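The next block holds one structure in the form of structure tokens; read it before the comments.
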Amino acid sequence: MRIIILADTHMPRMAKIWPPALLPYLEKADHIVHAGDFNDRRVLDSLESFAPITAVYGNTDGPDVTEILPDRQIISFHGVTVGITHGHGKGKTTEQRARAAFAEESLDLLIYGHSHIPEHKTEERMVLFNPGSPTDKRRQEQFSFGELVVEEDGTWRIKHIYYKDKKG
41 MRIIILADTH MPRMAKIWPP ALLPYLEKAD HIVHAGDFND RRVLDSLESF APITAVYGNT
101 DGPDVTEILP DRQIISFHGV TVGITHGHGK GKTTEQRARA AFAEESLDLL IYGHSHIPEH
161 KTEERMVLFN PGSPTDKRRQ EQFSFGELVV EEDGTWRIKH IYYKDKKG
């Protein structure tokens, strides 16, 4: 199972269309995870045209998104337990807020966004993963998103996909 991981797309302000570097991954996705900050319900609808989506809202999403999505979700892919949240709020770091959202849960993977900073590390047997942004890299050198591959036996691997130009 191939899962594409996105966050902080901020569309249509930061991009009017999906970046060409991202499109082949969306077209081959079995599932999409989005960790918030769509900015427009049409972005969610567009992603649903590629594959089933599990998503949460972010701090810049309006009522058209916040009224239909939760602020956190847990999903399982072939026994791999994944928590998803945006990570916004007051106090602490984005990562600390994301961890606190699932303090009572046992996760294999925690996906969050908000900072636009790609992150991939393991702490206490849990992988923490921020895909960065495919459309709004801010001070990062490259645009990015994630790819999670989960086999039927529950083995899995996750990585970032980086590219320099969102136009192609």
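Heads up: the sequence shown runs through residues 41 to 208, numbered per my numbering. The beta-carbon is built from N, C-alpha and C at its ideal position, and this holds for glycine as well. Predicted model only: the values in this text are computed from it and were never measured.
Taking 8 Å as the threshold (C-beta atoms), are residue j and residue i in contact?
i    : j    : result
F117 : I43  : yes
G127 : T121 : no
R178 : H156 : yes
Q180 : G186 : no
T2   : Q113 : Nothing can be reported for residue 2: it is not among the residues displayed for the chain, which extend from 41 to 208.
P59  : P158 : no
V202 : Q182 : The sequence shown places Tyr at residue 202, rather than the Val named in the question. The answer is yes: Cβ separation under 8 Å.
Have a look at the options and flag the residue whose alpha-carbon is nearest the alpha-carbon of residue i.
i    : options               : result
R53  : G172, E67, F78        : F78
K199 : V189, D193, K207      : V189
M51  : G102, K132, I93, G119 : G102
P110 : L150, R197, L46, A75  : A75
A61  : G119, T106, S184      : S184
E163 : R112, P174, L147      : L147
A69  : D193, E88, L84        : E88
I124 : V96, A140, K130, R137 : V96
M41  : R197, E191, L66, D205 : E191
M166 : I72, L63, E145        : E145
G98  : T49, W196, R197       : T49
D104 : L84, G129, Q136       : L84
A47  : F169, D205, R197      : F169
D80  : Q136, I57, W196, H160 : I57
Should residue i be labelled buried (16 or more other beta-carbon atoms within 10 Å of its own) or exposed?
i    : result
K207 : exposed
D176 : buried
G194 : exposed
G119 : exposed
L63  : exposed
I72  : buried
R139 : buried
I45  : buried
Could you pull the DSSP bridge partners for residue i from this structure?
i    : result
E164 : The partner list for E164 (beta bridge, DSSP) is empty, contrary to what the question assumes.
E187 : I44, K199
V96  : Paired residues: none, contrary to the question.
L149 : V122, V167
F90  : Answer is none; F90 lacks a bridge partner.
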